[in-house]
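First comes the structure, then the notes that go with it.
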Amino acid sequence: AFYPESSYPMKHAVLVLFFLFPITLCAQERYISWTDFADTYFDEQSSEELQEQLEQLYLHPMNLNTVSRDDLLRLPFLDEAQADSILAYRDRHHQFLTLGELQFITGLSYTDRCYLSLFLQAWPLPQQVAPLKVRLFGGRHELETRLDIPLYRRRGEQNGAYLGSGLYNNLRYRYDWHRRVQYGLTLEKDAGEPIGRYRNYPYDGLSAYAHYLSPNNRYELLAGDYTVTVGQGLLFGCATYGSKATLLDAPRRTTMVLHNHSSMSEARFFRGVAGGIRNGNWLLTAFLSYRQLDSRQEGDTVRSFLYDGYHRTARELLRRRNVDNLTAGGQLLYLRPQWRIGVSGLYTHYNHFLHPEQRAYTQYFMRGKDAAGLSVNYYLHSHRITLSGEAAADRHLHLATTNTFVYSPSSSCQLTLQHRAFAPRFVSPHGDALQEGSHVANEHGLLLGGKYNGFRRLELRGYVDFFRFPTSTFRATGASQGFDAMAQLLWQLKNGGQLLLRYRTKTKQQNIPKYAGLLQYATTHRLRVQLNLRNDRWELHPAIDIALAGKQTTGNTLGWMLSLRTGFRPTSTLKLAALAAVFFTDDYASACYVYEPYLRHAGGFGACYYHGLRAVLLGQWQLTKNWDIGVKYSLLHYFNKSAIGAGEQLISSASKNDLSLQLRWRF
6 AFYPESSYPM
16 KHAVLVLFFL
26 FPITLCAQER
36 YISWTDFADT
46 YFDEQSSEEL
56 QEQLEQLYLH
66 PMNLNTVSRD
76 DLLRLPFLDE
86 AQADSILAYR
96 DRHHQFLTLG
106 ELQFITGLSY
116 TDRCYLSLFL
126 QAWPLPQQVA
136 PLKVRLFGGR
146 HELETRLDIP
156 LYRRRGEQNG
166 AYLGSGLYNN
176 LRYRYDWHRR
186 VQYGLTLEKD
196 AGEPIGRYRN
206 YPYDGLSAYA
216 HYLSPNNRYE
226 LLAGDYTVTV
236 GQGLLFGCAT
246 YGSKATLLDA
256 PRRTTMVLHN
266 HSSMSEARFF
276 RGVAGGIRNG
286 NWLLTAFLSY
296 RQLDSRQEGD
306 TVRSFLYDGY
316 HRTARELLRR
326 RNVDNLTAGG
336 QLLYLRPQWR
346 IGVSGLYTHY
356 NHFLHPEQRA
366 YTQYFMRGKD
376 AAGLSVNYYL
386 HSHRITLSGE
396 AAADRHLHLA
406 TTNTFVYSPS
416 SSCQLTLQHR
426 AFAPRFVSPH
436 GDALQEGSHV
446 ANEHGLLLGG
456 KYNGFRRLEL
466 RGYVDFFRFP
476 TSTFRATGAS
486 QGFDAMAQLL
496 WQLKNGGQLL
506 LRYRTKTKQQ
516 NIPKYAGLLQ
526 YATTHRLRVQ
536 LNLRNDRWEL
546 HPAIDIALAG
556 KQTTGNTLGW
566 MLSLRTGFRP
576 TSTLKLAALA
586 AVFFTDDYAS
596 ACYVYEPYLR
606 HAGGFGACYY
616 HGLRAVLLGQ
626 WQLTKNWDIG
636 VKYSLLHYFN
646 KSAIGAGEQL
656 ISSASKNDLS
666 LQLRWRF
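Terminal number for the sequence shown in my numbering: 672, no gaps in between.
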């Protein structure tokens, strides 16, 4: 904490320490827990990829004194102006002494600072440039494995339809040297999948990557499995991570970002090589990918792609990796401090002819072997206004465009307007933008949203999104429409706790069964009230959820859930957590969702529907400096059902019990 007098004036240091003394004793501690953040920031619509990336950053926080602008912008709740303010403060004062100095940065709210404490730490600067051997092997190594043991048998195991055991296992190896050199390997076997048989050597899922970033951020090279984010996601990438609420935090980036594919998902990633080079204000990024995909075929024609990654039965193995996909893309970007513009291109080829079954909603789906597209994306930022967007055309000149306007009348208030228009015939196999439908096509939408954190400890946010589908969708024949709205209040209590109040409603037109051509509105209302309390040793999260679902022709169904999630840390090396939830819902449409205690890299929201009980017990113990062990027991019991699941997944019991073990070695 000790800097040369010439680089950090003593007068300034004394002044900073005087003001920060009450918080420097716990300066490197996190102001909120990861579960508080995840339960508040994520919802059931958030993508697995986003949760995985942020959990990795939480487990391996970045150094505030060396972090780059691009690394800061990996945090979706941080906008470019906030990132620039952080770096400008660091340039003026050379280094951060503590995280407490974030309170002096204009534009960061109390909630922002709490979130940042999970992903940043103020560590001293490295004293010298490390040699190549140290960069390649002298960083942080981490080896982790998880074994899930079901205390039941599914029908597929009993009748021999599943070719493997009911055990789930994964093995993850990760290496990281100051986020400049990274490589990793992932092996995964799903429950029911064989080991070392039927082309599964050793496991069904295998993923690896190696990532290098030059010290001056001029060069970047990635080989193996990766994901790509470009512009607003019209051609490829994941611009909003599946949740409209993330748009309220920051306009989407226009730079091309390469991410290591480190999650257990066996779909929606690229495999090959990617790289970037920066020269002055110009940034060129390109990638080349070759993958084998799962598909359902008739003869030599692909009818649909499969993304679940399961290869448990002989039938599923026949669909395993039976289509070759070659994809190439890139972006040329011109960057200035307040604006940027980029041109992107994509070409993808399949070795089998794609021809989805003839349905009203598939009439404009991709057909053939090839797809391509070009897009232009832009970003413009002034003192109070931010504009960003992308316009794309496929190989047949069908268009898609999305534009976002953000107005900030003050540092505590932000208003967002987003418009999107995707032609019904627009084809983008790898697109993933802010959208209501499942494809970047056949949609017009207008989203109005905002957030306000001008109160000392109160944050308000919400949006309303109006959408229309010009042609048929999966559940609606002909043109249809609807809207999605959310309102949230987050109150930071004086004792460090939080009160969360969230209301969400969605209505969308659907077909009326047995009445061809007639549509009805299907509407869902969801309300959650949750209290987050914590201190140095324990945390408590009582919550109540209410869901009301209905259609114009069938009436309403009701669901409610009472849940209590708790955590206790009796020692610095032992963490205990538990969840108990009782739920009563009329059907799946009125299901309630609960965030469960989980082992590393295995989190998410569980859907609770019908009448039942959900319980979880979790223990994580740091055996030594390098060894961790985790144990989780979960129970799902139904009061009004005698069996769980269907088909080969059927469990002939009202209860489902699982035991999970996790071992982690760091060196």
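The beta carbon of each residue, even a glycine, is placed where N, CA and C say it ideally should be.
Query, Result
"Start-end ranges of the alpha helix (DSSP H) lying completely within the region 294-346, minimum 4 residues", "319-323"
"The alpha helix (DSSP H) enclosing Leu2, as first and last residue numbers", "What is shown of the chain runs 6 to 672, which leaves residue 2 out entirely."
"Of the listed residues Ala585, Leu123, Asp209, nearest to Thr318 (C-alpha basis)", "Asp209"
"Range of the contiguous beta strand (DSSP E) that encloses Val673", "Nothing can be reported for residue 673: it is not among the residues displayed for the chain, which extend from 6 to 672."
"Spatial neighbours of Thr529 in its chain, beta-carbon cut-off 6 Å, leaving aside the 5 residues before and after", "Lys511, Ala554"
"Nonlocal neighbours in the same chain, by C-beta distance under 6 Å from Ala244, ignoring five residues either side", "Residue confidence is low: Ala244 scores 49 on pLDDT, short of 50, so the model does not pin down where it sits. No coordinate-derived value is stated."
"Rounded straight-line distance, which links the Cα of Phe47 to that of Tyr614", "20 Å"
"Anticipated Cβ contact below 8 Å, Ala376 with Asp399, distance rounded", "7 Å"
"Expected contact under 8 Å - CB spacing of Gly635 and Gln625 to nearest Å", "4 Å"
"His146, DSSP secondary structure in three states", "strand"
"Among Ala594, Gly572, Pro547, the one whose alpha carbon lies nearest that of Thr559", "Ala594"
"Same chain, Cβ closer than 7 Å to Glu321, five either side skipped, listed in chain order", "Tyr315"
"Distance cut-off 6 Å: Asn662 Cβ against heavy atoms of the ligand SAH", "Among the components modelled here there is no ligand, and therefore nothing to report on the ligand SAH."
"Cross-strand partners of Met491 (DSSP beta bridge)", "Tyr468, Arg509"
"Residues of its chain near Arg671, where Cβ-Cβ distance is below 6 Å and the 5 sequence neighbours each way are ignored", "Glu147, Asn631"
"Pro547 beta carbon less than 7 Å from that of Leu579", "no"
"Neighbourhood of Leu584 by C-beta distance below 6 Å, restricted to the same chain and skipping five residues each side", "Arg570, Glu601, Pro602, Val621"
"DSSP bridge partner residues for Gly455 (one or two, in chain order)", "Leu420, Gly467"
"Contact set for Thr353: own chain, Cβ-Cβ below 6 Å, skip 5 residues either direction", "Thr332, Ala376, Pro434"
"Proximal residues to Ile110 (C-beta, below 7 Å), its chain only, five neighbours per side dropped", "Ser90, Ile91, Tyr94"
"Proximity below 7 Å, CB of Leu673 to CB of Asn662", "There is simply no residue 673 to check, as the chain begins at 6 and stops at 672 in what is shown."
"Segment contact flag, the region 208-228 with the region 397-414, C-beta cutoff 8 Å, min 3 pairs", "no"
"Start-to-end residues for the alpha helix (DSSP H) that takes in His606", "Unbroken run through His606: none, as it is neither H nor E."
"Closest by C-alpha distance to Tyr384, when choosing among Asp41, Thr40, Glu85, Glu54", "Glu85"
"Integer Cβ distance of Ala481 from Gln514, believed to fall under 8 Å", "5 Å"
"Test item: CB-CB of Leu190 and Tyr178 under 7 Å", "yes"
"Own chain partners of Arg372 with C-beta closer than 7 Å, once the 5 adjacent residues on each side are dropped", "Leu359, His360"
"N-terminal and C-terminal residue of the alpha helix (DSSP H) that Gln368 is part of", "From DSSP, Gln368 is part of no alpha helix (DSSP H); its letter is neither H nor E."
"When Leu121, Leu226, Tyr231 are compared against Ser270, the one with the closest alpha-carbon", "Tyr231"
"Reference Leu618, options Ile200, Trp565, Leu289, Lys637, closest by Cα", "Trp565"
"Straight-line Cα distance separating Ala596 from Leu532", "12 Å"
"C-alpha distance - Ser264 paired with Glu225, whole-angstrom precision", "Checking the sequence, you will find His at residue 264 rather than Ser. Cα-Cα distance, rounded: 11 Å."
"Element boundaries [beta strand (DSSP E), containing Glu395]", "390-399"
"Beta-ladder partner(s) of Phe410, from DSSP", "Leu392, Leu422"
"Beta-carbon proximity of Glu464 to Leu495, cut-off 7 Å", "yes"
"Endpoints, the beta strand (DSSP E) within which His264 is located", "262-265"
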